[in-house]
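K.L.:
The structure follows.
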Amino acid sequence: MGAMWDMLRAFFDALLAVGSFVGFYHAGIAFYRRFLCRESEPRYTSVRHLFATTFALSFSIYFLIVCQILTIMSPASRRIHWHFDINALTFLLTFALPVAQCYFIMIDRGYSDVEAVRGSALFEIIFLVTLWRLGDPFAKTSSKDVFANISSIVSVEAGISRVVVVGTSILAILAGFTAVDLPFSYLSALFRPVSRSSVEAMEEKMLRAVNAVRQMRDREALHSDTQSSYLYGDDRIHKVPSSGSLQGTQKADVPMRKRVAVGARRFYDNLVYGENVPLEGDEPPNIEIEKAVRVSFLEYHESLTAWRASQFARTPLGVVVSIFGYALLIGCVVRVYMAINNIINSGSARRSNPSEQIHKVIMAVGIDADVQVVSQYITFLFTSTLLSVNIRAALRRITLVFSLVSSNSTLSSSAAIFLAQLLGAYFLSTIVIIRSLLPLGYRSMIAEALGDLEYQFYLKWFDYLFISSAAVGTVILFLQARRQSIRSTVI
Numbered sequence: 001m002g003a004m005w006d007m008l009r010a011f012f013d014a015l016l017a018v019g020s021f022v023g024f025y026h027a028g029i030a031f032y033r034r035f036l037c038r039e040s041e042p043r044y045t046s047v048r049h050l051f052a053t054t055f056a057l058s059f060s061i062y063f064l065i066v067c068q069i070l071t072i073m074s075p076a077s078r079r080i081h082w083h084f085d086i087n088a089l090t091f092l093l094t095f096a097l098p099v100a101q102c103y104f105i106m107i108d109r110g111y112s113d114v115e116a117v118r119g120s121a122l123f124e125i126i127f128l129v130t131l132w133r134l135g136d137p138f139a140k141t142s143s144k145d146v147f148a149n150i151s152s153i154v155s156v157e158a159g160i161s162r163v164v165v166v167g168t169s170i171l172a173i174l175a176g177f178t179a180v181d182l183p184f185s186y187l188s189a190l191f192r193p194v195s196r197s198s199v200e201a202m203e204e205k206m207l208r209a210v211n212a213v214r215q216m217r218d219r220e221a222l223h224s225d226t227q228s229s230y231l232y233g234d235d236r237i238h239k240v241p242s243s244g245s246l247q248g249t250q251k252a253d254v255p256m257r258k259r260v261a262v263g264a265r266r267f268y269d270n271l272v273y274g275e276n277v278p279l280e281g282d283e284p285p286n287i288e289i290e291k292a293v294r295v296s297f298l299e300y301h302e303s304l305t306a307w308r309a310s311q312f313a314r315t316p317l318g319v320v321v322s323i324f325g326y327a328l329l330i331g332c333v334v335r336v337y338m339a340i341n342n343i344i345n346s347g348s349a350r351r352s353n354p355s356e357q358i359h360k361v362i363m364a365v366g367i368d369a370d371v372q373v374v375s376q377y378i379t380f381l382f383t384s385t386l387l388s389v390n391i392r393a394a395l396r397r398i399t400l401v402f403s404l405v406s407s408n409s410t411l412s413s414s415a416a417i418f419l420a421q422l423l424g425a426y427f428l429s430t431i432v433i434i435r436s437l438l439p440l441g442y443r444s445m446i447a448e449a450l451g452d453l454e455y456q457f458y459l460k461w462f463d464y465l466f467i468s469s470a471a472v473g474t475v476i477l478f479l480q481a482r483r484q485s486i487r488s489t490v491i
C-alpha cells in the first residue's frame, strides 16, 4: 500500500511539474507575441520556441522555490525537477541560444544554411573559450582539490558558475539603480514641486516656437513666389529649365536673370520684413527652430506631467502612493546599509536573513503559535513578494531592452534570442541571491542543484556592484533634479 501511494504521489508531482511547465511555456509564447512582436514577427518559429522554453524554465525555478517552502512536492520529486531545470537552463544559455543567435544573424545577412552552420559552430567554440577564460578570475567553486577543479571545467557546475557571474552583474546593476529610482518616481511630486505658473510659461514658450516655425514656413513660401515672379514675370506658363536642357544663348541668360532676381528678393525682404533672410548657400534656420520646438515641447510635457503628479499627490490615493514611496525609500536605505554591513563582515560564514528577523520579532511580541508554521509562512510571504518584484522588474527590463536593440527588423530574431539569454541569466542569478535570504532548512536542496559554488563570493560581488550602481543612480537623479530646478527657475 505504501509503494502504491508513493507511485501515485510521484505521478501527481510529475503532473504538477509538467502542467506548470506547459503553463509557463504558453505564458512565454503570449508574452513574446504581445511585447516582442509588435511590428515585425520573426520569420522563424524556432526563435519563439527557444524564448518560450527559456521563459518556462526560468519561471519553473521560481515555482520550485515556492514548492520548497510549502512542501507541495515530495523531496525526491523536487530534487529531480531542480536538477532538470537548472541543467536544461544552463545548456540553453551556454550552447543552444548562442548557436541559434549566430545562425539567425548569418541567415539574415544572406549566408547559406551550410555557411551559417559552420559559422555558428566556430562562434560557439570562441564563445565557450571566452566565457571560460573571462570567468576564471570570478567564477569560484568551493572545491580545493586540484584534480576536481580540472575535471569540473567541462561540468555543468562550471557553466553555472560563469553564467551566474554575468547574471549577478546584470542583476546587481539593475537592482541598484532601481532601488533609488523607484522611490524617486513615487516621491517626485514632493521632491520637485511644479507651480501652475511655470507650466503656463512653458506653454507660452512652446507656442512662441511653434509660431516662429509657422512664420518661417510662410516666409519661405512667399520667397519662392517672389523669386518666380521676378525671374519669369507673372506668366507662370514658362518652366524653369534645367542646366542640361538649355540651348544656345538661353543657357547664358539664366545666371544673369537669376542674379537680378536674388538682388530683388533681398531688397523685398529688407523692405517687408526689416531683416536679412539667408539666401542660397547660407545655413537654413529651419533646423534650429524646429529643434527648439521639439525641446520646448519636451520641457512643457515634462512640466505638465510633474504638475499633474503634484496635484495627484494631494488626493487620498496620492497620499497612499506617497506613503508607499517613503516605505520604498526606507527599504532602499536599509538595503544599502545591509550591503555595506555584509561587505564589512564578509568573513562571517553566515548572514542573517529577513524571514528569521521577522520571526524573532513575532516571537518577542509573544504570539502563541507553532514556531515552524510561523517561520514557514513568513518565509513564504517574504519570498513570494521578492519573487513578484523580481519577475515584474525582469519583464519590464527585457521589454525596454528589446525596444532599444530591435529597431532594425532584420535583427528582431537575434534580439529576441539575446533577451532570452538575459532572462535566463537573470533568473538563475536571482536563485543564488534568494538562497541567502532563506532559512537554512530550505537552502540544502537549492545548493545541491546549483552545485558546489562559493556562494559568499557571489553575494559579495553582488553587494559591491549594488552599492556602486545605487551611488551612480543617486548622482544621476540628483543632477537631473538640479537641472530641472534651474530650468524652472530661469523660466
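The sequence shown lines up with residues 1 to 491 when you count with UniProt numbering. Ideal Cβ placement from N, Cα and C applies to all residues, glycine included.
1) Leaving out five residues before and five after Phe104 in sequence, what residues of the same chain have Cβ atoms less than 6 Å from its Cβ?
2) When the Cα atoms are used, what is the spatial distance from Val319 to Glu302?
3) Where do the N-terminal and C-terminal ends of the alpha helix (DSSP H) with Arg109 fall, by residue?
4) Is the distance from the Cβ of Val85 to the Cβ of Leu57 below 7 Å?
5) Around the C-beta of Asn211, are 16 or more other C-beta atoms found within 10 angstroms, so that it is buried, or is it exposed?
6) Hey, is the region 16-30 in contact with the region 60-69, meaning 3+ C-beta pairs nearer than 8 Å?
7) Which two residues bound the contiguous alpha helix (DSSP H) that contains Ser77?
8) CB-CB under 8 Å to Leu97, same chain, minus the five flanking residues each way: which ones, in chain order?
9) With distances taken Cα to Cα, identify the nearest neighbour of Phe297 among Glu203, Leu134, Tyr326.
10) Considering only C-alpha positions, which residue in the set Arg196, Gln456, Leu182 is nearest to Ala325?
11) With which residues is Glu122 paired in a DSSP beta bridge?
12) Quick one: any contact between the region 456-470 and the region 158-174, if contact means 3 or more CB pairs under 8 Å?
13) Taking the alpha-carbon of Met338 as reference, which of Arg396, Leu381, Ser436, Pro316 has the nearest alpha-carbon?
14) In this structure, how does DSSP classify Leu453 when only helix, strand and coil are distinguished?
15) From Leu187, Val180, Leu93, pick the residue whose C-alpha is nearest to that of Val165; which is it?
16) If you follow the alpha helix (DSSP H) that Gly441 is in, where does it begin and where does it stop?
17) Are there 16 or more other CB atoms within 10 angstroms of the CB of Ser77, so buried, or fewer, so exposed?
18) For Ala447, collect the residues of the same chain with a Cβ closer than 6 Å to its Cβ; drop the 5 residues on either side in sequence, then sort them by chain order.
19) Distance, Cα to Cα, Gln480 vs Arg217?
20) Measuring CB to CB, does Trp5 end up less than 7 Å from Ala449?
21) On the CB-based measure, 16 or more other CB atoms within 10 Å of its CB, does Arg162 come out buried or exposed?
22) Measuring alpha carbon to alpha carbon, tell me which residue in Tyr455, Ser120, Lys291, Val180 is nearest Val333.
23) If contacts are defined as beta-carbon pairs under 8 Å, then Arg79 and Met445 qualify, I think. What distance do you get, rounded to the angstrom?
24) Going by Cα to Cα distance, which pick from Ile476, Tyr186, Phe127, Ala10 is closest to Ile72?
25) Quick check: the Cα distance between Val254 and Ala116, rounded to an integer number of angstroms?
26) What does a CB cutoff of less than 7 Å around Ala221 pick up in its chain, not counting 5 residues either side in sequence?
27) Report yes if the C-beta distance between Leu459 and Phe184 is below 7 Å; otherwise report no.
28) Please return the same chain residues whose Cβ sits closer than 7 Å to the Cβ of Cys102, not counting the five positions on each side in sequence.
29) Taking the straight line between their C-alpha atoms, what separation do you get for Ala327 and Asp113?
30) Could you check what DSSP says for Val194 in three-state terms: helix, strand or coil?
31) How long is the line joining the alpha carbons of Met206 and Pro439, rounded to whole angstroms?
32) Along the alpha helix (DSSP H) that carries Ser60, what are the first and last residues, could you check?
33) With a threshold of 16 other CB atoms inside 10 Å of the CB of Arg48, please say whether the residue is buried or exposed.
P.N.:
Looking at the atomic coordinates:
1) Ser413, Ser414
2) One C-alpha to the other measures close to 22 Å.
3) Here Arg109 belongs to no alpha helix (DSSP H), and DSSP marks it neither H nor E.
4) At residue 85 the sequence reads Asp, which differs from the Val that was named. Taking 7 Å as the Cβ cut-off, Asp85 and Leu57 qualify as a contacting pair.
5) Looking at its Cβ environment, which holds fewer than 16 other Cβ atoms inside 10 Å, Asn211 is exposed.
6) yes
7) From DSSP, the alpha helix (DSSP H) with Ser77 extends over 75-91.
8) Leu50, Thr54, Ile417, Ala420, Gln421, Gly424
9) Glu203
10) According to the sequence provided, residue 325 is Gly. The question's Ala does not apply to it. Comparing Cα positions, the closest option is Leu182.
11) The amino acid occupying residue 122 in the given sequence is Leu; Glu does not appear at that position. In DSSP, Leu122 forms no bridge with anything.
12) yes
13) Ser436
14) Leu453: strand per DSSP, three-state reduction.
15) Leu93
16) It is not in any alpha helix (DSSP H) - Gly441 carries neither H nor E in the DSSP assignment.
17) buried
18) Result list for Ala447: empty, nothing under 6 Å.
19) 35 Å
20) By the CB criterion at 7 Å, Trp5 and Ala449 fall outside the cutoff.
21) buried
22) Val180
23) 6 Å
24) Ala10
25) Note that Val254 scores a pLDDT of 44, beneath 50, so its modelled location is shaky; the value from the coordinates is reported in the next line. Between Val254 and Ala116, the C-alpha separation is close to 59 Å.
26) none
27) No, Cβ-Cβ distance for Leu459 and Phe184 is not below 7 Å.
28) Gly119, Ser120, Phe123
29) Approximately 55 Å between the Cα atoms of the pair.
30) coil
31) 58 Å
32) 45-70
33) buried
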